[in-house]
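Residue numbers (my numbering), protein chains in the order written: chain A, 1 to 215; chain B, 216 to 225. Heads up, the beta-carbon is just placed ideally off N, CA and C, and yes, glycines get one too. No experiment lies behind these values; they were computed from the predicted model shown.
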């Protein structure tokens with residue numbers, strides 16, 4: 001564990017806490033893409049298949065459980081909670097995320113560390129996580145002004161993988177046989193997708209104006 | 216072969 005990865009994990013956890021705060025405090029999920037939340041739930045379920053077989057550390061196990069439980073709870077809440085689901089922007093959240101699922105799985109069959117069930121699902125979760133934010137970014141562009149908590153949620157979600165890139169660079173230079181090409185390249189793509197969001201987020205922060213993504 | 220703690224990251 002290094003400071004970059006720990007900071008990344010804390011940002012990831014913060015993004016989830018901000019999203020939970022928004023949904024439970026405002027009893028609303030307006031501006032949140034259910035499709036992105038469904039993709040994230042799949043990412044964690046596919047990545048943490050080894051939850052009960054490979055014990056890395058207490059921290060690792062607890063964080064995996066937190067990510068799985070929180071992501072599935074958010075999906076459940078947006079679909080089933082009578083109050084919350086009324087505020088879901090169904091007509092705006094129309095990104096065809098099944099293509100992202102199919103493309104990620106097809107790529108995982110072709111490019112993986114080892115052609116085993118667990119490694120294919122691990123690579124699938126890495127590729128899927130890289131594109132999972134797309135429905136959310138499209139929804140933000142369509143829904144015009146973005147409320148603060150939603151903006152902060154997306155910001156921390158994007159920042160976490162940027163810190164993971166620093167973590168991979170650090171590990172590359174400090175560990176002998178360290179190579180995570182699949183995660184690293186996918187992480188670069190993932191962070192690049194946030195580039196324009198980060199730009200408009202910075203502008204809104206600098207000018208102290210409402211965050212607005214151009215359509 | 217992948218050493219067993221290969222996926223030690225979240």
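Item to check | CB of residue 97 (chain A) within 8 Å of CB of residue 157 (chain A), strictly | outcome: no
Checklist entry - What beta strand (DSSP E) runs, 3 residues minimum, are completely inside the stretch 101 to 131 of chain A? => result none
Checklist entry - In three-state terms, what does DSSP make of residue 210 (chain A)? => result coil
Checklist entry - Taking the alpha helix (DSSP H) that residue 62 (chain A) falls in, what are its first and last residues? => result 58 to 80
Checklist entry - Hey, how far is the Cα of residue 147 (chain A) from the Cα of residue 211 (chain A)? => result 8 Å
Next on the checklist: I'd like to know whether the C-beta of residue 78 (chain A) is nearer than 8 Å to at least one C-beta of chain B.
Outcome noted: no
Item to check | Contact list for the stretch 193 to 214 of chain A against chain B, Cβ threshold 7 Å | outcome: none
Checklist entry - In or out: residue 214 (chain A) buried (at least 16 other Cβ within 10 Å) or exposed? => result exposed
Item to check | Three-state secondary structure (DSSP) of residue 148 (chain A) | outcome: helix
Next on the checklist: Taking CB distances under 8 Å as the criterion, tell me whether residue 10 (chain A) reaches chain B.
Outcome noted: no
Item to check | Test item: CB-CB of residue 149 (chain A) and residue 22 (chain A) under 8 Å | outcome: yes
Item to check | Delimiting residues of the alpha helix (DSSP H) encompassing residue 40 (chain A) | outcome: 34 to 47
Checklist entry - Is there at least one Cβ from chain B nearer than 8 Å to residue 181 (chain A)'s Cβ? => result no
Item to check | residue 176 (chain A) versus residue 170 (chain A): straight-line alpha-carbon distance, rounded | outcome: 11 Å
Next on the checklist: Any beta carbon of chain B sitting closer than 8 Å to that of residue 60 (chain A)?
Outcome noted: yes
Next on the checklist: Any beta carbon of chain B sitting closer than 8 Å to that of residue 50 (chain A)?
Outcome noted: yes
Checklist entry - When you compare only the Cα positions, how much space is there between residue 79 (chain A) and residue 117 (chain A)? => result 30 Å
Item to check | Where residue 27 (chain A) falls: helix, strand or coil (DSSP) | outcome: coil
Checklist entry - In terms of residues, what are the limits of the alpha helix (DSSP H) holding residue 183 (chain A)? => result 181 to 193
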